[in-house]
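S.K.: Residue numbers (this note's numbering): 15 to 363.
Take a look at this one; I'll ask things after.
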Ligand code: PEP
Ligand code: MN
């Protein structure tokens with residue numbers, strides 16, 4: 015941490031700042047210039063956190079407090095000396111050169127709907143199946159998901175297809191039944207900063223797909239991931255799913271820049287959700303190809319056997335019958351960006 019004093023700061027004010035830095039066990043290195051005095055509080059991330067918690071910005075004579083080290087240490091790229099994290103999920107690798115294609119309905123609606131979607135995405139080459147049993151809906155009057163029955167159907171779909179399951183956990187009280195089925199637990203955009211939920215998942219060994227909040231910065235997303243890592247669970251997949259901007263022509267603005275930037279900030283895999291970003295089926299393929307080209311480690315996409323009849327998010331769902339052709343295109347572009355063929359791994363090249 016670097017503390018920049020005002021040019022009007024008195025010797026007493028400078029000494030008071032030094033005293034507070036030393037009070038938390040850090041060493042202060044003052045550098046007295048002709049105009050201003052700078053005080054460095056150098057150390058490791060812990061020193062940075064301790065000095066940061068003093069909130070010296072408000073102290074008399076202080077002009078600015080400038081952080082030097084990153085506030086996230088376990089998620090930082092340097093924590094693994096620049097090497098990307100790869101996780102094994104249900105026999106499939108994710109991260110590094112391994113691309114994940116996670117596909118399925120927004121929400122589990124019925125046995126027939128889920129099994130049809132699951133079969134179509136399996137045949138098209140998906141590496142995992144998505145489907146929500148607990149749904150975060152803007153309206154409390156909208157369908158909230160099948161809950162326990164939805165989890166039961168997901169277990170059946172997993173049994174039938176062998177695909178690992180990605181499903182959302184909204185409430186820490188449901189952690190046990192969700193973990194019994196989920197190979198990856200999704201934390202939705204609206205729960206990105208639910209720190210109790212994140213810490214709870216940090217105490218499990220199930221991978222977490224953490225979606226970026228509608229109005230969250232990348233640093234806030236990575237700090238949320240840090241909550242899971244700090245509790246001992248290293249398996250976090252970051253997910254860019256579109257952010258709210260002034261543009262109203264589509265549901266959210268997919269922040270493609272986030273892909274290379276997150277990959278520079280952290281060693282964690284970066285997954286892109288083109289469905290919730292677009293809100294429109296016709297945009298899902300171009301956004302998916304753009305995400306794969308920009309270096310995404312995977313895509314999570316909504317697919318429905320009959321989108322017109324979907325209870326939730328039908329307008330953005332790919333038709334199950336179009337999925338195989340879509341998956342082939344995504345694979346081609348992902349390969350250009352350096353990923354290994356993933357449809358071939360499923361025996362469907
Ligand atoms: C979802 O993936 O089902 C979902 C609700 O997404 P988000 O949390 O990104 O809105
Ligand atoms: Mn949805």
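Idealized CB from N, CA, C, for every residue including glycine.
Assuming residue 252 is part of the beta strand (DSSP E), what are its boundary residues?
M.R.: 250-254
S.K.: Looking at the secondary structure, which residues open and close the beta strand (DSSP E) in which residue 285 lies?
M.R.: 284-286
S.K.: I believe residue 347 touches residue 303 by the beta-carbon criterion, under 8 angstroms. Please report the beta-carbon distance rounded to the nearest angstrom.
M.R.: 5 angstroms
S.K.: Would you list the one or two residues that DSSP bridges to residue 45?
M.R.: 52
S.K.: Taking DSSP's pairing of strands, which residues face residue 15 in a bridge?
M.R.: In DSSP, residue 15 forms no bridge with anything.
S.K.: Output the boundary residues of the beta strand (DSSP E) element that contains residue 141.
M.R.: No beta strand (DSSP E) holds residue 141; DSSP gives it neither H nor E.
S.K.: Quick one: what does DSSP say residue 84 is sitting in, helix, strand or coil?
M.R.: coil
S.K.: Verify the contact flag: residue 316, CB atom, against every heavy atom of the ligand MN, threshold strictly below 7 angstroms.
M.R.: yes
S.K.: What is the DSSP secondary structure of residue 38, counted as helix, strand or coil?
M.R.: In this structure, residue 38 counts as coil in the three-state DSSP scheme.
S.K.: In whole angstroms, what is the alpha-carbon distance linking residue 198 and residue 31?
M.R.: Rounded to whole angstroms, residue 198 to residue 31 spans 47 angstroms at the Cα level.
S.K.: Would you mind working out which of 264, 310, 294 sits nearest residue 252, comparing C-alpha positions?
M.R.: 310
S.K.: Where the beta carbon is closer than 5 angstroms to any heavy atom of the ligand MN, which residues qualify, in chain order?
M.R.: That gives 120, 327.
S.K.: Could you tell me which residues DSSP puts in a beta bridge with residue 90?
M.R.: According to DSSP, residue 90 bridges with 280.
S.K.: Would DSSP call residue 121 helix, strand or coil?
M.R.: strand
S.K.: Strictly by DSSP, which residues pair up with residue 225?
M.R.: 253
S.K.: Who does residue 107 pair with in a DSSP beta bridge?
M.R.: 102
S.K.: With distances taken between CB atoms, is the gap from residue 265 to residue 291 smaller than 8 angstroms?
M.R.: yes
S.K.: How is the beta strand (DSSP E) around residue 316 delimited, first residue to last?
M.R.: 312-318
S.K.: To the nearest angstrom, report how far apart residue 182 and residue 192 are at their CA atoms.
M.R.: C-alpha separation (whole angstroms): 8 angstroms.
S.K.: Looking at C-beta atoms only, is the number of pairs between the segment 231-246 and the segment 203-210 that lie closer than 8 angstroms three or more?
M.R.: yes
S.K.: Under 8 angstroms, Cβ to Cβ, is there at least one residue of chain C near residue 118?
M.R.: Absence of chain C from the displayed structure is noted, only one protein chain being present.
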